[in-house]
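Okay, so here's the structure we're looking at.
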Amino acid sequence: MMERITLPMEEALHRIGHDAALDPLEELLRAILDAMQKIASDERTRRVFEVATLKVEYVDELLAVQTRQLRIQADAVAHMQRSLRDASARQAVPLTISPAAASHGLHALVVGLIHTWLLAPQAFDLVGVAEMAMGRIWPVWG
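So our numbering is basically just the index in the sequence shown, starting at one, shifted up by 1084.
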């Protein structure tokens, strides 16, 4: 199942960075929120995420799934780093923390929100909370 699908975050992050007219930071935020919206509103996507994050055990026969998950994570962090570096250069404002640290933190926030929401979707609005949380931590500029 996992080999045949593209996860929403994977899909969203591959769409960013292709239009020089767009603000890299806004584009990154929009991609993340679009992926969250798809997870929250699409039953099939939610089921795939549940299996991929909550119901998989990385035993020998599923090591390929773990390898893919690690590749997706590394790609997401790399896309985020590039967006942060591009935004910093475009705005001529230095980052207060390294792009690597900011990207890992942002990725952890996104993954944590998705995981927590999948356990109890009725507990909070995934998109709304993600937007507020990212808005609060977003000032990585000096």
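By construction, the Cβ of each residue, glycine as well, lies at the ideal position given by its N, Cα and C atoms.
Quiz item: Does the count of Cβ pairs from the region 1167-1179 and the region 1091-1111 closer than 8 Å reach three?
Solution: yes
Quiz prompt | Where the alpha helix (DSSP H) containing residue 1118 begins and where it ends | solution = 1108-1125
Quiz prompt | Endpoints, the alpha helix (DSSP H) within which residue 1170 is located | solution = 1147-1175
Quiz item: Would you call residue 1197 buried or exposed, if buried means 16 or more other Cβ atoms sit within 10 Å of its Cβ?
Solution: buried
Self-check item: For residue 1144 and residue 1114, the rounded distance between their alpha carbons
Solution: 37 Å
Quiz item: Roughly how many angstroms lie between the CA atoms of residue 1123 and residue 1202, to the nearest whole one?
Solution: 9 Å
Self-check item: Nearest candidate by alpha-carbon position, reference residue 1105, set 1163, 1119, 1116 and 1175
Solution: 1175
Exercise. Compare the C-alpha of residue 1184 against each of 1193, 1161, 1206 and 1178 and name the closest.
Key: The residue with the shortest Cα to Cα distance from residue 1184 is 1161.
Self-check item: Selected residue, minimal CA-CA separation from residue 1125, among 1206, 1217 and 1181
Solution: 1206
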